[in-house]
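Notes follow the structure.
Residue numbers (our numbering): 1227 to 1496.
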């Protein structure tokens, strides 16, 4: 009996291939629970690299999504795909051509420009180091130096948000709000415009904390996930946020990316 070959989506690039893979993965989630196999083929430099890629694609009965900025490689790959009957998507070509027409200027066609060690890269590294240093209220002096200060009870995505925003070059400090511990005075001395309160539905928080306890091998009925305890914490947090006068976002059913986008939009509007 002939073994059925599982198709593969090959992501080809004359650089690292991050952009293409991110686009394919974003599309692939629409086919869950079906698993889409994605294979990245980065740093294609000449037509011989393209020829080897074509052979692999034919073997796996796959398709190619590519982000080639070198016109000679892009044209050669398209020609070979059409000759061999391979499905392909050119992610950057149409965008570059549209920008060239709109801007009335020819593109530079240089691979890897997005990964250059420019000023933005070093800002990102600095912001990530800042987020680690001032995570979870380790040092409240971070509140004074931060671009953004996140406040909320435990398990409201403060740390993931801090790291995500850091990769957008924002320096973020986050402060947990706990009824038994007085919030740092720094929260009331800085501008409330840079403080973001994170609110969450108590039932959602209960479910998150219960799963967290299970992951740690602890009983799910511990005080940490107790409904009365959660309500007490949320009430305390609401009082502090109201006292600060900061923007408050409900993170109950939001992905980190969505919440981060809302925070950035808020900062820009101010």
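Glycine is no exception: its CB is placed at the ideal position from the N, C-alpha and C atoms.
Every beta strand (DSSP E) of 3 residues or more that sits fully in the stretch 1453-1481 is shown, in chain order, as 1473-1476.
If only complete runs of 4 or more residues are kept, the stretch 1338-1401 shows the alpha helix (DSSP H) at 1345-1359, 1368-1371 and 1384-1392, in order along the chain. Using a Cβ distance threshold of 8 Å, residue 1459 and residue 1379 count as a contacting pair. With contacts defined by Cβ atoms closer than 8 Å, residue 1401 and residue 1387 do not form a contacting pair. Contact between residue 1303 and residue 1294 holds, with the beta-carbon distance rounding to 6 Å and staying under 8 Å. The stretch 1277-1338 contains, as complete beta strand (DSSP E) runs of 3+ residues, the segments 1289-1293 and 1314-1316 (chain order). Nearest Cα to residue 1493 within the set 1479, 1396, 1438 and 1311: 1396. When rounded, the separation of the alpha-carbon atoms in residue 1259 and residue 1434 is 23 Å. Between residue 1431 and residue 1456, the C-beta gap is smaller than 8 Å, which places the two residues in contact.
The beta-bridge partner set that DSSP reports for residue 1264 consists of 1235. In this structure, DSSP gives residue 1403 a state outside helix and strand, which the three-state scheme calls coil.
For residue 1425, the enclosing beta strand (DSSP E) starts and ends at 1421-1425.
Inter-residue distance for residue 1372 and residue 1360 is about 9 Å (C-alpha atoms, whole angstroms). For residue 1427, the closest C-alpha among the options 1301, 1281 and 1461 is that of 1461. A Cβ-Cβ distance of about 5 Å is found for the pair residue 1236 and residue 1290, placing them in contact under the 8 Å criterion.
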